[in-house]
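One structure is given here, and the rest of the page talks about it.
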Amino acid sequence: MQILERVQDLPNAGNIKAQWVCLWSGPAVGLVLLIAAAAFPGFWPPMSPTLPAEEVARFYAEHTAWIRFGQVTFNLCGILVVPFFMVIVVQMKRMRGQSHVFAYCYLTAVVSGATFFALSNVFFLVAAFRPDRSPDLIQLLNDLAWIVFIAPIGMLLSQFVLLALAVRFDNGPDPVFPPWVGWYSLATGVAIVPSAAAAVFQTGPLAWDGLLSFWVRNGALAAFVVVMFFVLRRAVLRQAIADGVVAG
Amino acid sequence: MSPVRALTPDGYVTTADGRPAGKPDVRIMTWFFPLWYGLFGIIICLLARVTPPPRPDVSTADKVAFFSQNGLTIQLGFVVLLVLLGGAAMTNGLVAYQMKRMSTGSVLAYGYLAGMSVGALPGFLLVGVCFLTATLRPDRDPELIGLLYDLGMLSYNASLGCFTAAYLVLAIAVLYDRNNIFPKWFAYISVWQIVTEVIASQMVVFYSGPFAWNGSISFWVAVVVFSVWLGALIVILRNAAAAEPADEPDMD
Amino acid sequence: MGKVTVQQPDTETVAVPDGRLPGDVHMWVMVLGDLIVFSSYFLIYLIYRSMDPESFLRAQQHLDINIGSINTVVLLTSSLFVARSVLSARAGAHRQAIGFVYAAGGCGVLFMVLKGYEWAAKISAGHTNSDMFFSFYYVITGVHLVHVLIGLIVLGVVVRELQNPGRRRTWMVETGATYWHMVDLLWVIIFGLLYVMR
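Chains as they are written, first to last, in the working numbering: chain A, 10 to 257; chain B, 7 to 258; chain C, 1240 to 1437.
Now the structure itself:
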C-alpha cells in the first residue's frame, strides 16, 4: 500500500498507517503463537482432565523446558494479537446506521477475553516453576490453568455477537464489511459456546481435551483471525481510497 | 506562585508565566498521575514488600516466615491498594487520551488501553489477593502458603506480554505521530522497556542468579529502565497537557 | 560530520564542516541509552564470571570462535556498506545508495541465519540456559539479534525514503546508519566478551 506523497503528514494518513501496522501484526503474531502452540507439549495430545496428580506432576517434570518455552511465548506474544482486534473496533466505528456503542462494547469484551488468556499462562508457568512441589498442588494449578484457558468464553461470545449486530445495523451505501461477516461471526460464537462445559466434564467431547472444547473452539478462533485479516485488509484499503490517502 | 498552589492541578500544569494551561479535566488527571504512582510506589516497596521481591530460592518454611514477619504491613499495604487500584484505570486512560491526539488516531490508543487493562489483573491485582489470602490464615498448610507465594510473585513479575503490547503500540504511535504530542526519544525508551520485559521472561526458569525474579538483570536493570520510563512519562504528560490548546475540539 | 558549502566574499566556494550532528538527535538518545543498558548487562556478566571463572571458561570452550569471527566480519562489512550508502545519499546518487543499503541488509540477514544455525547447534548439543554462561550467552545474543531485526526494519525505512523522489532526506539515511553502526559496535563488544575473552 503506497501512501500518496502529498497526504503523508495528514492525520488521515497517520490513521491508515497505524491501522495497517496493526492489521499486519495479526498474521505475524499469529504465526509466532502457532509455533508456540506446536511446541507446547500439553497440546499434543491435549492433557486429559482424568490424569491423576502424580501423572500431572510427572508430565511437568519430564517436559519442563518445552512447557516453559511454549507458555513464555504465549505470555509474551498472546496479548500482541490485541492491536489486530483494535482495527475491528476502529472499523466498527465507521459503520453507518448506529452510534459507536457496539464498538466500545467490543473493545471492552476484547480486553476481558484477553485477560483470561493471560491469566491461564500464569497458572501454567507457576505449575512448571517448581517440579518438586506436591503433585496435588501441581494438579490444582494445572486444573486452574486449563479451566481458565478453555471455559470462560462469555467475553469472546460477546465479541462475536456485537460484531454481528454492528454488521446488521450497517445500512450505509458502502457497508464496511460484507453481510456474510456478520453471519460468520455469529457462527464462530456458536461454535465456542460448548467449551464452557469444560469446567464440568472430565471426559468426552466437552472436556477440555475434547473435540468440541479444544479442537473446535481453538480452530474456530484461529480461523476467525485468518478470515478477518482478509476482510479487514479490504476494508482498510477501501477506507484509504475513500479518504484520499491512497490512489484508487 | 506559592508552593501550596504549585501542588494543585492548576499549579501543576501551567504556561511559562504560571497561568494554568490546557484543559481543566486533563489538568486534573495529569496531576493525579504522579500522585498515584508515588502512593503506589510507597505501597509496593515499603508496605507490601513486593518490590524488591522476596527471594525465589527459599524453603517453604522461609516463605511462611516471610508472611508472618511482614503480615501486618502486607495487609495494610494491599488493602489500601484495593481501594486505590482504580487509579490504574485513570493513569492508563490519560495516556490513551494523549495517544488519541496523535495523528495516528484511535487504533493505537485503544491498543494501549487494552494492553494495560489486560495487565491489571494477572500482573498487578493477583499478587495482592494472593498475599492477602496467605496472610489471612497464617496457620494454613505451609505447602499452600508456598503456592500463594509463588503464584503472587510469578504473576506480578512475569506478566510481561500485556505490557509489551502496550509499550509497542505506544512506541509505534510516537514514531508515526506528526502532531508531536510526545517527543520521539520517548518511543526509544519504550522500546527499552520492551527489551527488559522480554529478557525478564527468563525468570520462570531460574531460582537464583541474575535472571531470577529478584536477579540483577531480570529485576534491577528492569526497575531502573522502568523508573526512567515513568519519570520521562510524567514530565511528558505534563508538557503535553500544558501545550494542548484549551479550545481544541474534542475528538471522536 | 556533514559538510556545507560557504560563499566566501570573492565568490570562492569552500566546503567547511558545519558542526551539525549527523542524523536525528532522538536516535542518538536511543543509541547512547541502548549502550548504557547493554553495558549494565556486560558488567553483570563480568561480575558473575569473576565469581566462577572455571565453569565459565569450561562452557566457553563449546563456543565456536570461527562462526563468531565470520559473523563479526559479516557485520563489519555491512557497516561499510551502510557508510558508503550515506556518502552516496549525500552526493545525491540515490540508486547507488539504495544498492548499498540492500547489500547491508543482505549481510544482516546472513548474520541472522548464521546466528540461528549456531543456536540450533548449541541447543542440540545440550547447551541450554541451565548453564550460567549459556544463559548469559542466549540472552545477550538474543537481545542483539532483536536489535539486528529492528535494524533490518530501519534499513527498509531508509530504502523507502530513498526511493521516494519527494523525500530523500539525508538526515533520515544518517539516522538509520547511526542505528546500524550501534548494532555493529555492540556485536564487536559481545564477540570480544563472550567468544574471545578466555
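We put the CB at the ideal spot given by N, CA and C, even for glycine.
C-beta neighbour in chain C for residue i, strict 7 Å
i: Glu-71(A); result: no
i: Glu-258(A); result: Beyond the ends of chain A as shown, which are 10 and 257, falls residue 258(A); an answer cannot be given.
i: Lys-26(A); result: no
i: Val-201(B); result: yes
i: Val-236(A); result: no
i: Ser-74(B); result: no
Candidates the options, of which the one nearest residue i by Cα
i: Tyr-213(B); options: Leu-13(A), Lys-26(A), Val-135(A), Val-41(A); result: Val-135(A)
i: Ala-232(A); options: Ser-34(A), Ala-137(A), Thr-73(A), Ala-200(A); result: Ala-200(A)
i: Ala-171(B); options: Met-108(B), Ile-80(B), Val-19(B), Ala-120(B); result: Ala-120(B)
i: Leu-1432(C); options: Lys-1361(C), Gly-1307(C), Ala-1342(C); result: Gly-1307(C)
i: Trp-226(B); options: Ala-1298(C), Ser-1279(C), Val-1435(C), Ser-1363(C); result: Ser-1279(C)
i: Phe-139(B); options: Phe-84(B), Ser-65(B), Ala-126(B); result: According to the sequence provided, residue 139(B) is Thr. The question's Phe does not apply to it. Comparing Cα positions, the closest option is Phe-84(B).
i: Phe-1295(C); options: Leu-1271(C), Val-1264(C), Ile-1304(C), Phe-1372(C); result: Phe-1372(C)
i: Gly-44(B); options: Leu-82(B), Leu-90(B), Val-204(B), Leu-154(B); result: Leu-90(B)
i: Arg-1437(C); options: Ile-1275(C), Gln-1300(C), Leu-1274(C); result: Gln-1300(C)
i: Tyr-1434(C); options: His-1386(C), Ile-1379(C), Leu-1391(C), Pro-1404(C); result: Ile-1379(C)
i: Ile-76(A); options: Ile-162(A), Asn-151(A), Val-110(A); result: Asn-151(A)
i: Arg-54(B); options: Pro-128(B), Val-231(B), Trp-42(B), Gly-158(B); result: According to the sequence displayed, residue 54(B) carries Ala and not Arg. Among Pro-128(B), Val-231(B), Trp-42(B), Gly-158(B), the Cα nearest to that of Ala-54(B) is on Gly-158(B).
i: Pro-236(B); options: Ile-80(B), Leu-150(B), Ala-22(B), Phe-39(B); result: As written in the sequence, residue 236(B) is Leu, which differs from the Pro given in the question. Among Ile-80(B), Leu-150(B), Ala-22(B), Phe-39(B), the Cα nearest to that of Leu-236(B) is on Phe-39(B).
i: Cys-114(A); options: Gly-39(A), Val-30(A), Pro-61(A), Met-164(A); result: Met-164(A)
Whether residue i touches residue j by CB criterion (7 Å)
i: Cys-1346(C); j: Thr-1367(C); result: no
i: Ala-206(A); j: Leu-215(A); result: yes
i: Val-133(B); j: Val-56(B); result: yes
i: Ser-129(A); j: Ala-154(A); result: yes
i: Ser-109(B); j: Arg-184(B); result: yes
i: Thr-20(B); j: Ala-247(B); result: no
i: Leu-95(A); j: Gly-152(B); result: This sequence places Met at residue 95(A); Leu is not what is there. In this structure, Gly-152(B) does not lie closer than 7 Å to Met-95(A) by Cβ.
i: Phe-198(A); j: Phe-169(A); result: The question names Phe, but residue 198(A) in the sequence shown is Gly. A contact, by the Cβ cut-off of 7 Å.
i: Arg-1406(C); j: Glu-1400(C); result: yes
i: Leu-166(B); j: Asn-21(A); result: no
i: Ala-27(A); j: Val-113(B); result: yes
i: Pro-58(A); j: Trp-217(A); result: yes
i: Phe-1339(C); j: Phe-1320(C); result: yes
For residue i, the first and last residue of its enclosing alpha helix (DSSP H)
i: Phe-1339(C); result: 1333-1363
i: Pro-15(B); result: 15-18
i: Trp-189(A); result: 189-201
i: Trp-1267(C); result: 1264-1290
i: Asn-180(A); result: Here Asn-180(A) belongs to no alpha helix (DSSP H), and DSSP marks it neither H nor E.
i: Arg-242(A); result: 226-251
i: Lys-106(B); result: 93-106
i: Lys-102(A); result: 91-102
i: Tyr-1434(C); result: Neither: Tyr-1434(C) is in no alpha helix (DSSP H) and is coded neither H nor E.
i: Cys-136(B); result: 132-142
Any chain A beta carbon closer than 7 Å to residue i
i: Gly-1405(C); result: yes
i: Glu-250(B); result: no
i: Tyr-182(B); result: yes
i: Cys-136(B); result: no
i: Ala-246(B); result: no
i: Asp-63(B); result: no
i: Gly-215(B); result: no
i: Gln-1246(C); result: In this prediction, Gln-1246(C) has a pLDDT of 44, which is less than 50 and means its spatial position is unreliable; what the coordinates show is noted afterwards. Chain A, which has no Cβ nearer than 7 Å to the Cβ of Gln-1246(C), makes this no.
i: Pro-128(B); result: yes
Neighbour flag for residue i against chain B, beta carbons, 7 Å
i: Ile-88(A); result: yes
i: Lys-1242(C); result: Note that Lys-1242(C) scores 48 on pLDDT, short of 50, meaning its location in the model is unreliable and no value can be drawn from it.
i: His-1333(C); result: no
i: Val-1378(C); result: yes
i: His-1265(C); result: yes
i: Met-1269(C); result: yes
i: Val-1255(C); result: Interpretation of Val-1255(C) is limited by its pLDDT of 42, a score under 50 that renders its predicted location unreliable; the figure taken from the coordinates is listed afterwards. Chain B contact via Cβ: absent.
i: Gly-219(A); result: no
i: Ile-1283(C); result: yes
i: Ser-1484(C); result: Only positions 1240 to 1437 of chain C appear in this structure, which leaves residue 1484(C) out of reach.
i: Asp-157(A); result: Note that residue 157(A) is Val in the sequence shown here, rather than Asp. No, Val-157(A) lies away from the interface with chain B (no Cβ there is under 7 Å from its Cβ).
i: Phe-138(A); result: yes
i: Arg-242(A); result: no
i: Gly-23(A); result: yes
i: Asn-227(A); result: no
Paired residues, beta bridge with residue i - DSSP
i: Val-64(B); result: Paired residue(s): none; Val-64(B) is not in a bridge.
i: Pro-26(B); result: Thr-20(B)
i: Val-255(A); result: Ile-12(A)
Original post:
Between the segment 1304-1316 of chain C and chain F, which residues of the former have a C-beta closer than 7 Å to a C-beta of the latter?
Top reply: The question asks about chain F, but that chain is absent: this structure's protein chains are A, B and C.
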